[in-house]
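Data first, discussion second: the structure below is written as structure tokens.
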Amino acid sequence: MPESPYDDERDDEEPLFASNSPPPINAPLDPPDDDDDASIPLMYLHPGPDDKDDPSLQPLMADVDYKSAGGIQPTPGAGRPSDDDEADAGAARAASLTEALHAEGFSLFEKKCVLINREIDAMGMGRYQWYVWSLCGFGYFLDLLWAMAFGLVLGPVQQEFGFGNDQSGNISTSFSAGLTAGAFVWGVLADIVGRQWAFNLTVLIASIFGICLGAPSSYSPFLVLTAFTGFGIGGNIPIDTTITLEFLPQNKRFLLALLSIFQPLGVLICSALAYAYIPKHSCTPNFADPDPLPSCRNSAPGVECCSKSNNMGWRYLMFTLGAMTISLFFIRTVVFRMKESPKFLVYRGQDEKAVEVIRHIAKVNGQESKLRLESFEMLESEHDQHSGTSALGGGKSQRDLSLGKKVGLEFQRYKLLFSSREMTRLTILVWLTYIMDYWGFTVAGTYLPKIIAVKNGSLNLSLDFTYRSYLLIYFPGIFGVALGALLYNVPHVGRKWTMALSAGLMGASIFIFASVNSEASNIGLNAMEYFFQSMFNAVLYGWTPEAFPAPVRGTACGVASFWGRLFSIVSPLIAQSLYAKGASGGGDINAVLYLAGGVTLGCVISVALLPNRRLGTQSM
Numbered sequence: 001m002p003e004s005p006y007d008d009e010r011d012d013e014e015p016l017f018a019s020n021s022p023p024p025i026n027a028p029l030d031p032p033d034d035d036d037d038a039s040i041p042l043m044y045l046h047p048g049p050d051d052k053d054d055p056s057l058q059p060l061m062a063d064v065d066y067k068s069a070g071g072i073q074p075t076p077g078a079g080r081p082s083d084d085d086e087a088d089a090g091a092a093r094a095a096s097l098t099e100a101l102h103a104e105g106f107s108l109f110e111k112k113c114v115l116i117n118r119e120i121d122a123m124g125m126g127r128y129q130w131y132v133w134s135l136c137g138f139g140y141f142l143d144l145l146w147a148m149a150f151g152l153v154l155g156p157v158q159q160e161f162g163f164g165n166d167q168s169g170n171i172s173t174s175f176s177a178g179l180t181a182g183a184f185v186w187g188v189l190a191d192i193v194g195r196q197w198a199f200n201l202t203v204l205i206a207s208i209f210g211i212c213l214g215a216p217s218s219y220s221p222f223l224v225l226t227a228f229t230g231f232g233i234g235g236n237i238p239i240d241t242t243i244t245l246e247f248l249p250q251n252k253r254f255l256l257a258l259l260s261i262f263q264p265l266g267v268l269i270c271s272a273l274a275y276a277y278i279p280k281h282s283c284t285p286n287f288a289d290p291d292p293l294p295s296c297r298n299s300a301p302g303v304e305c306c307s308k309s310n311n312m313g314w315r316y317l318m319f320t321l322g323a324m325t326i327s328l329f330f331i332r333t334v335v336f337r338m339k340e341s342p343k344f345l346v347y348r349g350q351d352e353k354a355v356e357v358i359r360h361i362a363k364v365n366g367q368e369s370k371l372r373l374e375s376f377e378m379l380e381s382e383h384d385q386h387s388g389t390s391a392l393g394g395g396k397s398q399r400d401l402s403l404g405k406k407v408g409l410e411f412q413r414y415k416l417l418f419s420s421r422e423m424t425r426l427t428i429l430v431w432l433t434y435i436m437d438y439w440g441f442t443v444a445g446t447y448l449p450k451i452i453a454v455k456n457g458s459l460n461l462s463l464d465f466t467y468r469s470y471l472l473i474y475f476p477g478i479f480g481v482a483l484g485a486l487l488y489n490v491p492h493v494g495r496k497w498t499m500a501l502s503a504g505l506m507g508a509s510i511f512i513f514a515s516v517n518s519e520a521s522n523i524g525l526n527a528m529e530y531f532f533q534s535m536f537n538a539v540l541y542g543w544t545p546e547a548f549p550a551p552v553r554g555t556a557c558g559v560a561s562f563w564g565r566l567f568s569i570v571s572p573l574i575a576q577s578l579y580a581k582g583a584s585g586g587g588d589i590n591a592v593l594y595l596a597g598g599v600t601l602g603c604v605i606s607v608a609l610l611p612n613r614r615l616g617t618q619s620m
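For the sequence shown, UniProt numbering gives the first residue as 1, with consecutive numbering after it.
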């Protein structure tokens, strides 16, 4: 068995489940210890080249060729058996697998997931998986592309619309309100109507409202459009992470964390566009100058003021980002149309469609799938209804339920998050981590760009220099994500301590930034903050879906994101009240920074208390 990142932490702990009873579907599944090989469930078997001659494993290893890395690919070559022979062989393998899985007490849904996982593992990381990973990555790209935009336009928008520092957090609050509703609604819909619909609709809604953001001439319509844009963007991370997990081979799980590399790319692109538009198309004197041009809304007629016509830079930015979002929707719906997740289809009792999706994936990858509908039918015929029945009733039986019972069944999904002591502990700590993480980076993302501009203005540094420095600040985020993905599976470090370390250093960099002000520190400390923020979120977003089974995966990720987004509504309101207490027009900068850094440090505690689970194994 491969070494787990948490092996050194498990020695003194009691096992989560008795060795003679199967883990329930409502908890993440852990493989047994190395000295219990006889009872290892087949779902944890990842045979290597030396296992080819083991007769006990032959039913699982028909028609595969093992490479030195332990991965498996379909065996090429001539003399392929006929369709009837393949069907018979598939049925025989399913019968052998059924007997073994039945002995482990898995539910019917879990057994079918094992077959799907075996087939996806056999195909490896093909073209279809890379397409899905890339498109989901661009969902991550949009998430921070838009979030960063609102921080970058806060200064010029405030100067033009003429609102005070006590309303400066309303933009972030409106966006977060939309993100919160989106995270909750889309996360749940992904488990009800399917991943495919949610995957496309989120981008469509964001593109429609996003491109309109450059049009408003007053603050209130701008806030409304911001909220609706956030509603579309809010579903991206929970849905895209869920989709990626369900199409990835087991040995490519690190790509979940690597999805987050698209986020700093989004920030960089947004910063580059802002640098191109805002310094050249803003009112002069600008918002960062000691005596900025007043808003025409707050000025007497005939007095020189900041108007729409001489402050178009931020509007150009919004139009451009909206066009980019529409382009992604076009790619998702026309260029490459993703199929529905086979695990979702199986859970909904649509086994035949699930098999068709697997065959389609194999075809795109230039391979041939050996999964047959007969394999699922044999699992059903052999399944004992009294052993390991899914708590959510997944399967064909769902199609015969009344609407009321189906609604009740969906509410059972939430009960699974609290169905055991370990699951309750995991759920609550994940929620707390998301709450503090979103709180910290929302305040930082909203106010750091303006705080940097104000600090640079006090040093007589130009607005052009400030927006150019954003590129230097956010570029290291790419390497933060890469390092997080690298440490994802490192023994004795892994997910847990990578998150704890990065959260601590992220909070520390904000506190240090509050106490210094120089050209070098304004760039270096903020670059450090974003590096560790990117590292932390890369691991957190990749780790979360691994901890929950497929029937509640979208819900679990969506609800966790919902709580984070909910508190990201509150945090800018508190920050703006602190910011408005400053004696100067620049606001109370340090109070805002202490608020962001202090809450971020709380993630260190919540992450350290997470259950020490062996992750990176078979995902249901």
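Idealized CB from N, CA, C, for every residue including glycine.
Beta-carbon spacing of residue i, residue j below 8 Å
i: Val599; j: Met436; result: yes
i: Ser606; j: Leu432; result: yes
i: Phe163; j: Tyr219; result: yes
i: Ala514; j: Asn590; result: yes
i: Tyr434; j: Ser561; result: yes
i: Leu417; j: Ala556; result: yes
i: Glu422; j: Gly194; result: no
i: Ala596; j: Gly440; result: yes
i: Thr325; j: Val203; result: yes
i: Cys113; j: Lys343; result: yes
i: Gln533; j: Asn165; result: no
i: Leu135; j: Ile233; result: no
i: Gln250; j: Asn117; result: yes
i: Gln159; j: Leu317; result: no
Segment limits, alpha helix (DSSP H) that includes residue i
i: Leu423; result: The sequence given here places Met at residue 423; Leu does not occur at that position. Where Met423 is concerned, the enclosing alpha helix (DSSP H) stretches over 421-458.
i: Ser510; result: According to the sequence as given, residue 510 is Ile; it is not Ser. Note, Ile510: alpha helix (DSSP H), 494-515.
i: Lys280; result: First-last for Lys280: undefined, no H or E at that position.
i: Pro221; result: 219-233
i: Ser518; result: Per DSSP, Ser518 belongs to no alpha helix (DSSP H) and is neither H nor E.
i: Ala485; result: 477-487
i: Ala156; result: Per the sequence presented here, residue 156 reads as Pro, with Ala not at that position. Element bounds for Pro156: 127-161.
i: Leu201; result: 195-211
i: Met338; result: Looking at the DSSP string, Met338 is not in any alpha helix (DSSP H), and its letter there is neither H nor E.
i: Val114; result: 108-123
i: Leu471; result: 463-474
i: Ala591; result: 589-608
i: Asp240; result: 236-247
Which of helix, strand or coil DSSP assigns to residue i
i: Cys306; result: strand
i: Ser295; result: strand
i: Lys370; result: coil
i: Asn311; result: coil
i: Asp351; result: helix
i: Phe548; result: coil
i: Asp166; result: helix
i: Arg253; result: coil
i: Lys581; result: coil
i: Asn526; result: helix
i: Ala300; result: coil
i: Leu417; result: coil
i: Asn365; result: coil
i: Val539; result: helix
i: Ala560; result: helix
i: Pro264; result: helix
i: Pro76; result: Residue placement at Pro76 cannot be trusted, given a pLDDT of 41 that sits under 50; the coordinates are not used to answer.
i: Phe175; result: helix
6 Å Cβ shell around residue i - same chain, five flanking residues per side excluded
i: Leu601; result: Gly507
i: Arg127; result: Val364, Asn365
i: Ser174; result: Leu223, Thr226, Ala227
i: Gly230; result: Phe175, Gly178, Leu179
i: Leu152; result: Ala274, Pro449
i: Leu258; result: Ala485
Beta carbon proximity, residue i to chain C, threshold 8 Å
i: Asn311; result: Absence of chain C from the displayed structure is noted, only one protein chain being present.
Presumed contact (8 Å Cβ cut-off) between residue i and residue j, rounded CB distance
i: Pro545; j: Thr241; result: 5 Å
i: Asn537; j: Thr333; result: Not really, about 28 Å apart at Cβ, beyond 8 Å.
i: Leu371; j: Leu115; result: 6 Å
Close-in-space but distant-in-sequence residues of the same chain around residue i (CB under 7 Å, 5 per side omitted)
i: Ser299; result: Cys305
i: Leu268; result: Leu471, Tyr474, Phe475
i: Ser369; result: Glu119, Ile358, Arg359, Ala362
Same chain, Cβ closer than 8 Å to residue i, five either side skipped, listed in chain order
i: Ala608; result: Lys496, Ala500
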